[in-house]
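Enquirer:
There are 2 protein chains.
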Amino acid sequence: MRKRPIPEATVARLPVYLRSLLALAEERRTLTVSSEELAGMAGVNAAKVRKDLSYLGSYGTRGVGYDVEYLLYQITRELGLTQDLHAAIVGVGNLGRALASFKGFAERGFRIAALFDVDETVIGTEVAGLTVRDLDELKEFAAEEPLAIGIIATPADGAQEVAERLIDAGVKSILTFASSVVKVPPDIVVRKVDLSIELQILSFYQQRREAISSAREANRVLEGELPGAAGLRTGAAEHAASFDERRAGTLHSDRR
Amino acid sequence: MRKRPIPEATVARLPVYLRSLLALAEERRTLTVSSEELAGMAGVNAAKVRKDLSYLGSYGTRGVGYDVEYLLYQITRELGLTQDLHAAIVGVGNLGRALASFKGFAERGFRIAALFDVDETVIGTEVAGLTVRDLDELKEFAAEEPLAIGIIATPADGAQEVAERLIDAGVKSILTFASSVVKVPPDIVVRKVDLSIELQILSFYQQRREAISSAREANRVLEGELPGAAGLRTGAAEHAASFDERRAGTLHSDRR
DNA sequence: CCGGGCTTGTGACTCTATTCACAAGCGACC
DNA sequence: GGTCGCTTGTGAATAGAGTCACAAGCCCGG
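Residue numbers (our numbering), protein chains in the order written: chain U, 2 to 257; chain V, 2 to 257.
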């Protein structure tokens, strides 16, 4: 276990622990927290919490737990949240606007430093206290006020070009909401949030569930209950059973 | 490989393939597509495409590729997108509004059937062509017009209660944007999109990158290059050096 | 109807992540 | 100062995902 390479999956959970710890720190009831308790708050299992935290170092005390304040500080530091990072949003449509006004960013030390768009009817207007700039000004803006993060909230077809412009302006971290694949050089980190994909994933499991319940129905029919519904949607039965058995209560978020 | 349990990771990629296939189908240039080509469009590797598709069945033709239309249909069916699913958005703030107007949902057959909120100043107003309803009406609404999916776009503190109400109204699939852990019974599927967590993850890798490059700089200084820069950023260099030492060797290998 | 070129489907391997289970270690109380 | 209860930290086991590499199989041209 000795030192570093913090697994990607762990990195994705650190912010969740961070939020839980902040909640604990606020209600100053507890100075210390056990992995069990933290796991409960974060919605994961306790062994995972311990393993995750162990990648940061040995910050707990056996028999006692983790010092809330200290752990808070360590996670904050590890996530690089001690410095305020500046971000720019490109694409000031509905989503871009919502993101610009989103309070959650500032709470974690992210500052939306500028908004950009290409639409002349939008450029110059004020959104969430910022004047929307022309995307062409991106590079010079970034030269003055370095941008750590670029947020792409444009339609799919503009996303690749925007990404390239951001990279050209020195941005190394990109969060894209565009429903298109954005290709970048290996030293650039991209994260993608695709709302319609999320729904499609839900749809898959929803459909599965329906297949299962109608399979159950079919089974009941076979067993002599529910005599009316015979014949509907057979064939799903076996498939359903294995599903049910395999993944009773799982599912997370990921992406990763 | 025989039949089913489609891995979660595969499910998450199917919508990406779907989008690529739709693009191919539109420009009616190709009736068939190779895993290689599809992989290029989807931004993944070809073996993964083949393995993913093989979970659906043997829909390709060796020496030829996959029939675009047929594959399109199979993925659509597997994702349950043949039926239009109805969704409700709870929480009509900035984000809720943006989601309500988001075109991407309809494109994949999702219909935003209703908007709910608890804020009386919002209830009754019209957003994206829908009248915002009182959250108290959720259950009766769902009784009339079954909702497959609930989208939570409320502040964190309301999310758990909203989730419970959705479940009580018969919703089995939930997409939450609230930055809080939502706990649900095992038969409910929840997906969570947390914007501020995404930025925190980017921050982590950003910070790591900075640590690496300043470590490189420190090394160059030690080796006698860059004599001019001595003294600058000492704090960072020192931190970087110890960082470097602790994880020597891993720095370069774990680049993605 | 045979051979060559291409592309799938998949076993085998590797890597990452999760879970288990327990020894090590801390604090409190006698 | 010893022992008891509790909680961490982590090896070992397991599960899941990604990658490799190649045999199987299809199409086409001769």
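Note that the Cβ used here is the ideal one computed from N, Cα and C, for glycine as well.
Keep in mind it's a predicted model, so treat the numbers as computed, not measured.
Would you identify the three-state DSSP class for residue 51(U), choosing helix, strand or coil?
Expert: The residue you call residue 51(U) lines up with position 50 of the first sequence. Note: residue 51(U) maps to helix in three-state DSSP.
Enquirer: Report yes or no: is there a C-beta of chain V within less than 8 Å of the C-beta of residue 18(U)?
Expert: Mapped onto the first sequence, residue 18(U) falls at position 17. Answer no: the Cβ-Cβ gap between residue 18(U) and chain V never drops below 8 Å.
Enquirer: Judging by CA-CA distance, which residue of 192(V), 143(V), 129(V) and 62(V) is the nearest neighbour of residue 206(U)?
Expert: Counting from 1 along the first sequence, the entry for residue 206(U) is found at position 205. With distances taken between Cα atoms, residue 206(U) lies closest to 192(V).
Enquirer: Would you check if the distance between the CB atom of residue 153(V) and the CB atom of residue 100(V) is smaller than 8 Å?
Expert: Position 152 of the second sequence, counting from 1, holds the residue named residue 153(V). Position 99 of the second sequence, counting from 1, holds the residue named residue 100(V). Against a cut-off of 8 Å, the Cβ pair of residue 100(V) and residue 153(V) comes out as no contact.
Enquirer: Since I believe residue 199(V) is in contact with residue 194(U) (beta carbons under 8 Å), could you give me their beta-carbon distance rounded to a whole number of angstroms?
Expert: Within the first sequence, the letter at position 193 stands for residue 194(U). Within the second sequence, the letter at position 198 stands for residue 199(V). 6 Å between Cβ atoms; contact.
Enquirer: Are the beta-carbon atoms of residue 97(V) and residue 90(V) separated by less than 8 Å?
Expert: Counting from one through the second sequence, the residue named residue 97(V) turns up at place 96. Counting from one through the second sequence, the residue named residue 90(V) turns up at place 89. In this structure, residue 90(V) lies closer than 8 Å to residue 97(V) by Cβ.
Enquirer: Report the option in 209(V), 164(V) and 109(V) whose CA atom is closest to the CA atom of residue 78(V).
Expert: Walking along the second sequence from the start, residue 78(V) turns up at place 77. Closest in C-alpha terms to residue 78(V), from the list 209(V), 164(V) and 109(V), comes 109(V).
Enquirer: Compute the Euclidean distance between the alpha carbons of residue 47(U) and residue 173(U), then round it to the nearest angstrom.
Expert: As a first step, residue 47(U) must be located in the first sequence, where it is residue number 46. As a first step, residue 173(U) must be located in the first sequence, where it is residue number 172. Taking the straight line joining both Cα atoms gives about 34 Å.
Enquirer: Distance, Cα to Cα, residue 170(U) vs residue 140(U)?
Expert: For the purposes of this step, residue 170(U) is identified with residue 169 of the first sequence, where counting begins at 1. For the purposes of this step, residue 140(U) is identified with residue 139 of the first sequence, where counting begins at 1. Linking residue 170(U) to residue 140(U) through their CA atoms gives a straight-line distance of about 5 Å.
Enquirer: As an exercise, report each continuous alpha helix (DSSP H) stretch of at least 4 residues that is fully enclosed by the stretch 61-91 of chain V, in chain order.
Expert: 69-79
Enquirer: Taking Cβ positions, are residue 136(V) and residue 123(V) nearer each other than 8 Å?
Expert: Counting from 1 along the second sequence, the entry for residue 136(V) is found at position 135. Counting from 1 along the second sequence, the entry for residue 123(V) is found at position 122. Not in contact: residue 136(V) and residue 123(V) (Cβ atoms no closer than 8 Å).
Enquirer: Could you check where the alpha helix (DSSP H) with residue 11(V) kicks off and where it finishes?
Expert: Locating residue 11(V) in the second sequence gives position 10, where the first residue counts as 1. Its alpha helix (DSSP H) spans residues 9-27.
Enquirer: Put residue 32(U) into one of helix, strand or coil per three-state DSSP.
Expert: For this step, residue 32(U) is matched to residue 31 along the first sequence. In the structure shown, residue 32(U) sits in coil (DSSP, three-state: anything other than H, G, I, E or B).
Enquirer: According to DSSP, which residues form a beta bridge with residue 192(V)?
Expert: Working through the second sequence from its first residue, we reach residue 192(V) at position 191. DSSP output for residue 192(V) lists 176(V) as bridge partner(s).
Enquirer: Please state the DSSP three-state secondary structure of residue 1(U).
Expert: Past the edges of chain U, shown from 2 to 257, lies residue 1(U), and the structure says nothing about it.
Enquirer: Taking the alpha helix (DSSP H) that residue 160(U) falls in, what are its first and last residues?
Expert: The residue you call residue 160(U) lines up with position 159 of the first sequence. From DSSP, the alpha helix (DSSP H) with residue 160(U) extends over 157-169.
Enquirer: Leaving out five residues before and five after residue 57(U) in sequence, what residues of the same chain have Cβ atoms less than 6 Å from its Cβ?
Expert: Residue numbering aside, residue 57(U) sits at position 56 when the first sequence is read from its first letter. For residue 57(U), where only same-chain residues beyond five positions count, the Cβ hits under 6 Å are 75 and 79.
Enquirer: For a test of the three-state rule: what should DSSP assign to residue 112(U), helix, strand or coil?
Expert: Position 111 of the first sequence, counted from the first residue, corresponds to residue 112(U). Correct three-state label for residue 112(U): strand.
Enquirer: How is the beta strand (DSSP E) around residue 97(V) delimited, first residue to last?
Expert: As a first step, residue 97(V) must be located in the second sequence, where it is residue number 96. Per DSSP, residue 97(V) belongs to no beta strand (DSSP E); it is in the alpha helix (DSSP H), 95-102.
Enquirer: Could you tell me which residues DSSP puts in a beta bridge with residue 117(U)?
Expert: The residue labelled residue 117(U) in the question sits at position 116 within the first sequence. Note: residue 117(U) sits in a beta bridge opposite 91(U) and 134(U).
Enquirer: Check whether the Cβ of residue 56(V) lies closer than 8 Å to any Cβ atom in chain U.
Expert: Locating residue 56(V) in the second sequence gives position 55, counting from the first residue. Residue 56(V) does not count as touching chain U.
Enquirer: Does residue 151(V) come out as helix, strand or coil in the three-state DSSP assignment?
Expert: Along the second sequence, read from residue 1 onward, the residue named residue 151(V) stands at position 150. It is a strand residue.
Enquirer: Quick check on the DSSP output: the alpha helix (DSSP H) that includes residue 144(V) runs from which residue to which?
Expert: Position 143 of the second sequence, counting from 1, holds the residue named residue 144(V). Residue 144(V) -> alpha helix (DSSP H) spans 139-145.
Enquirer: Tell me which residues of the stretch 145-172 of chain V have at least one Cβ-Cβ distance to chain U shorter than 8 Å, keeping chain order.
Expert: 149 and 150
Enquirer: Report all residues from its chain with a CB closer than 6 Å to the CB of residue 64(V); omit the five preceding and five following residues, and keep chain order.
Expert: Position 63 of the second sequence, counted from the first residue, corresponds to residue 64(V). Contacts found: none.
Enquirer: Within the same chain, show all residues whose beta-carbon is closer than 7 Å to that of residue 180(U), passing over the 5 residues directly before and after it, in chain order.
Expert: Counting from 1 along the first sequence, the entry for residue 180(U) is found at position 179. 157, 195 and 197, listed in sequence order.
Enquirer: Given a cut-off of 8 Å, decide if residue 202(V) and residue 13(U) are closer than it, judged by their beta-carbon atoms.
Expert: Locating residue 13(U) in the first sequence gives position 12, counting from the first residue. Locating residue 202(V) in the second sequence gives position 201, counting from the first residue. Yes, the Cβ-Cβ distance between residue 13(U) and residue 202(V) is below 8 Å.
Enquirer: Under 8 Å Cβ-Cβ, which residues of chain U neighbour residue 102(V)?
Expert: For this step, residue 102(V) is matched to residue 101 along the second sequence. Per Cβ cutoff of 8 Å: 95.
Enquirer: What in chain V is Cβ-close to residue 111(U), meaning under 7 Å?
Expert: In the first sequence, residue 111(U) corresponds to position 110, counting from 1. Within chain V, the residues near residue 111(U) are 200.
Enquirer: So residue 80(U) contacts chain V; which residues on that side make the cut at Cβ distance below 9 Å?
Expert: Here residue 80(U) corresponds to residue number 79 of the first sequence, with the count starting at 1. Those are 201, 202, 204, 205 and 208, listed as they occur along chain V.
Enquirer: Kindly indicate which three-state DSSP category residue 123(V) falls into: helix, strand or coil?
Expert: The sequence position of residue 123(V) within the second sequence is 122, counting from 1. Looking at residue 123(V) - three-state DSSP - the assignment turns out to be coil, as it is neither helix nor strand.
Enquirer: Let me check understanding here. Comparing Cα to Cα, which of 161(U), 106(U) and 66(U) lies closest to residue 42(V)?
Expert: If you number the second sequence from 1, residue 42(V) lands on position 41. Considering only alpha carbons, the answer is 161(U).
Enquirer: Please report the distance separating the alpha-carbon of residue 176(V) from that of residue 144(V).
Expert: Indexing the second sequence from 1 puts residue 176(V) at position 175. Indexing the second sequence from 1 puts residue 144(V) at position 143. Distance between the alpha carbons of residue 176(V) and residue 144(V) is about 20 Å.
Enquirer: Under 8 Å between C-beta atoms, does residue 35(V) make it to chain U?
Expert: Residue mapping note: residue 35(V) aligns to position 34 of the second sequence, counting from 1. Not one chain U Cβ lies under 8 Å of residue 35(V).
Enquirer: Can you name the residues of chain U whose CB is closer than 8 Å to the CB of residue 140(V)?
Expert: As a working mapping, residue 140(V) is identified with position 139 in the second sequence. Going along chain U, no residue has its Cβ under 8 Å from residue 140(V), so there is no contact; the nearest lies around 19 Å.
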